[in-house]
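Visitor:
2 protein chains.
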Amino acid sequence: METTRIMPRSGAAFPLARGQLLTVLDPLGTQVSDLLAFAADDVREVISNGRTFDYEETLRLTRGNRIWSNRSRVLLTIEEDSVGCHDFLLTPCSVDTFRHFYPDKPEHRGCFGNLAEALAPYGVTADDIPVAFNCFMNVPIDSTGGISVLPPPSRAGDSVSFRAEQDLIIGLTACSAYASNGGTFKPIDYRIED
Amino acid sequence: METTRIMPRSGAAFPLARGQLLTVLDPLGTQVSDLLAFAADDVREVISNGRTFDYEETLRLTRGNRIWSNRSRVLLTIEEDSVGCHDFLLTPCSVDTFRHFYPDKPEHRGCFGNLAEALAPYGVTADDIPVAFNCFMNVPIDSTGGISVLPPPSRAGDSVSFRAEQDLIIGLTACSAYASNGGTFKPIDYRIED
Numbered sequence: 001m002e003t004t005r006i007m008p009r010s011g012a013a014f015p016l017a018r019g020q021l022l023t024v025l026d027p028l029g030t031q032v033s034d035l036l037a038f039a040a041d042d043v044r045e046v047i048s049n050g051r052t053f054d055y056e057e058t059l060r061l062t063r064g065n066r067i068w069s070n071r072s073r074v075l076l077t078i079e080e081d082s083v084g085c086h087d088f089l090l091t092p093c094s095v096d097t098f099r100h101f102y103p104d105k106p107e108h109r110g111c112f113g114n115l116a117e118a119l120a121p122y123g124v125t126a127d128d129i130p131v132a133f134n135c136f137m138n139v140p141i142d143s144t145g146g147i148s149v150l151p152p153p154s155r156a157g158d159s160v161s162f163r164a165e166q167d168l169i170i171g172l173t174a175c176s177a178y179a180s181n182g183g184t185f186k187p188i189d190y191r192i193e194d
Numbered sequence: 001m002e003t004t005r006i007m008p009r010s011g012a013a014f015p016l017a018r019g020q021l022l023t024v025l026d027p028l029g030t031q032v033s034d035l036l037a038f039a040a041d042d043v044r045e046v047i048s049n050g051r052t053f054d055y056e057e058t059l060r061l062t063r064g065n066r067i068w069s070n071r072s073r074v075l076l077t078i079e080e081d082s083v084g085c086h087d088f089l090l091t092p093c094s095v096d097t098f099r100h101f102y103p104d105k106p107e108h109r110g111c112f113g114n115l116a117e118a119l120a121p122y123g124v125t126a127d128d129i130p131v132a133f134n135c136f137m138n139v140p141i142d143s144t145g146g147i148s149v150l151p152p153p154s155r156a157g158d159s160v161s162f163r164a165e166q167d168l169i170i171g172l173t174a175c176s177a178y179a180s181n182g183g184t185f186k187p188i189d190y191r192i193e194d
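Protein chains in written order, with full-length UniProt numbering: chain A, 1 to 194; chain B, 1 to 194.
Structural data, given as structure tokens:
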């Protein structure tokens, strides 16, 4: 089965036909992958954390949960999940978040810039990029609502699989931020099955 | 000081100049108001729950917290807050959420439809409507990430005030959903001070 590699601190975009299964793999462990899904026939329809939280009645999405669009349609269903820890609260890291959180570190366009470039050929603009589904990202919530970003619990070979419920355009990254991957920058692999 | 009333299950949109203070009041108690803010010079810039959670490092926003845009600018600062309970996780109620959660009740276009109509003259389309800042909305999160919608704790006369940090277009509703206002439909009042 063919696996495609997304190199560290980069991103990719590709079509995913209705019925196909997308598996996102963490080949080395402790890495995050930001995932976006747009309706292929109109990219103004996109995954929505708010609609998903509302319909699924949880912030913690795993096997069996569905990812809904801003137009209240299911775009993806999570079919397999060897980690059970993902985030759908935080926007992709960007040059602005690098300036804010890492003022002493070199600037980087981050997952946001990588997604914008990869998705541009499909007609997606930067303003169309919402909160991504952040595979393996570890964002605990304390009793007062405070949040933090900890290293992901994923180990080498862990994966999460999504069934496409519509014809989609997918955006996918190997995360560029320091906090989300424990200060390391690693690749992400993915494969598509019919 | 002039106060404007938003009638039950309706919405409004209006400009708010940089430096002005918008106060959202619950005149009868136990009511929710969905608030949106767009940059007046380009409505593709809009409040973002994901950017706000990231920069403010909390899901529970109250006095002193700032509400950020999808372009990483502060659009509003919360200056006063007599309730301290608001939601920024859930999208505005819509005809789709009514069909989903209240299949036995009459359909209603909800806050989503009310916001879309009120904001249309400013060039905002339905697809431009993100998660709103839901004043007084009570969405507890349990230890597993599960969420529920309970009646708001606001009492008659309670309010929350926002300072505009940019020239804005505001969308504001008196919420139409059953769960968010304890099964009652009440008005919302607002006032603007220089």
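For each residue, glycine too, the CB sits at the ideal point set by N, CA and C. Owing to the predicted nature of the structure, the values given are computational and were not obtained by experimental measurement.
Where residue 174(B) and residue 31(A) are concerned, what is the direct C-alpha to C-alpha distance, given to the nearest angstrom?
Guide: If you take the alpha carbons of residue 174(B) and residue 31(A), they lie about 43 angstroms apart.
Visitor: State buried or exposed for residue 179(A), treating a residue as buried only when at least 16 other CB atoms are found within 10 Å of its CB.
Guide: Buried: at least 16 other Cβ atoms inside 10 Å.
Visitor: Alpha carbon to alpha carbon, how far is residue 91(A) from residue 10(A)? Give it in angstroms, no decimals.
Guide: Distance between the alpha carbons of residue 10(A) and residue 91(A): 16 angstroms.
Visitor: Does residue 59(A) get closer than 8 angstroms to chain B when you measure Cβ to Cβ?
Guide: Yes, its Cβ sits closer than 8 angstroms to a Cβ of chain B.
Visitor: Evaluate the contact criterion for the region 105-114 of chain A versus the region 2-18 of chain B: three or more CB pairs, one atom per stretch, below 8 angstroms.
Guide: Touching, no.
Visitor: Using the C-alpha atoms, what's the distance from residue 185(A) back to residue 48(A)?
Guide: So the two alpha carbons sit approximately 27 angstroms from each other.
Visitor: Around the C-beta of residue 60(B), are 16 or more other C-beta atoms found within 10 angstroms, so that it is buried, or is it exposed?
Guide: So residue 60(B) ends up on the buried side.
Visitor: Taking only beta carbons into account, state which residues of the region 133-161 of chain A come closer than 8 angstroms to chain B, listed in chain order.
Guide: Those residues of the region 133-161 of chain A that come within reach of chain B (Cβ to Cβ, closer than 8 angstroms) are 141, 144, 145, 146, 147 and 148.
Visitor: Please identify the residue among 165(B), 144(B), 160(B) and 183(B) whose C-alpha is closest to the C-alpha of residue 57(A).
Guide: Cα-wise, what sits closest to residue 57(A) is 144(B).
Visitor: Take every Cβ of the region 20-38 of chain B, pair it with every Cβ of the region 154-166 of chain A, and state whether three or more of those distances are shorter than 8 angstroms.
Guide: The region 20-38 of chain B, when compared against the region 154-166 of chain A, does not touch it at the 8 angstroms Cβ threshold.
Visitor: State yes or no: is the C-beta of residue 153(B) within less than 8 angstroms of the C-beta of residue 93(B)?
Guide: It is not a contact, given that the beta carbons lie outside the stated cut-off.
Visitor: With residue 190(A) as the anchor, note down where its alpha helix (DSSP H) starts and where it stops.
Guide: It is not in any alpha helix (DSSP H) - residue 190(A) instead sits in the beta strand (DSSP E) that spans 188-193.
Visitor: Going by other Cβ atoms of all chains shown within 10 Å of its Cβ, with 16 needed for buried, is residue 177(B) buried or exposed?
Guide: Per the 10 Å Cβ criterion, buried.
Visitor: If you follow the alpha helix (DSSP H) that residue 95(A) is part of, which residue opens it and which one closes it?
Guide: Residue 95(A) -> alpha helix (DSSP H) spans 95-101.
Visitor: Can you check whether the C-beta of residue 54(B) is within less than 8 angstroms of a C-beta belonging to chain A?
Guide: Chain A contact via Cβ: present.
Visitor: Hey, could you find the ends of the alpha helix (DSSP H) residue 164(A) is sitting in?
Guide: Taken as a continuous stretch (DSSP letters only), residue 164(A) belongs to no alpha helix (DSSP H), being part of the beta strand (DSSP E) at 158-164.
Visitor: Should the region 124-132 of chain A be regarded as contacting the region 71-81 of chain A, the criterion being three or more beta carbon pairs within less than 8 angstroms?
Guide: Touching, no, given that fewer than three Cβ pairs across the two stretches are closer than 8 angstroms.
Visitor: If you reduce the DSSP assignment to three classes, tell me which class residue 180(A) lands in.
Guide: Here residue 180(A) sits in helix by DSSP.
Visitor: Beta-carbon of residue 197(A) versus every beta-carbon of chain B: anything under 8 angstroms?
Guide: Look at the range of chain A in this structure, 1 to 194, and you will see that residue 197(A) is not part of it.
Visitor: Buried or exposed: where does residue 120(A) fall if 16 or more other Cβ atoms within 10 Å of its Cβ makes it buried?
Guide: Exposed, by the Cβ-count rule.
Visitor: Would you list, in chain order, the members of the region 65-79 of chain B that have their beta-carbon closer than 7 angstroms to a beta-carbon of chain A?
Guide: Flagged, chain order: 70 and 72.
Visitor: Within the 8 angstroms Cβ cut-off, does residue 173(A) reach chain B?
Guide: It does not: the Cβ of residue 173(A) has no partner Cβ on chain B nearer than 8 angstroms.
Visitor: Is residue 38(B) helix, strand or coil when you go by DSSP?
Guide: Three-state DSSP puts residue 38(B) in a strand.
Visitor: Mapping the DSSP letters down to three states, classify residue 5(A) as helix, strand or coil.
Guide: Strand, per DSSP.
Visitor: Interface residues of chain A around residue 127(B) at Cβ under 8 angstroms?
Guide: 44, 45, 70 and 71, listed in chain order.
Visitor: So, helix, strand or coil for residue 115(A), using DSSP?
Guide: Helix.
Visitor: Could you tell me if residue 150(A) is buried or exposed, where buried requires 16 or more neighbouring beta carbons within 10 angstroms of its beta carbon?
Guide: Exposed, by the Cβ-count rule.
Visitor: Between the Cα of residue 68(B) and those of 41(B), 79(B) and 46(B), spot the shortest distance and give me the residue it belongs to.
Guide: Measuring from the Cα of residue 68(B), the nearest candidate turns out to be 46(B).
Visitor: Do you know whose CA, among 157(A), 190(A), 171(A) and 29(A), lies nearest residue 43(A)'s CA?
Guide: Of 157(A), 190(A), 171(A) and 29(A), the residue nearest in Cα terms is 171(A).
Visitor: Determine the chain A residues that contact residue 50(B) at a beta-carbon separation under 8 angstroms, and present them in chain order.
Guide: Here the neighbours are 49, 89, 90, 91, 130 and 131.
Visitor: Express the C-alpha separation of residue 168(B) and residue 104(A) in angstroms, rounding to a whole number.
Guide: Spanning the two alpha carbons is a distance of roughly 33 angstroms.
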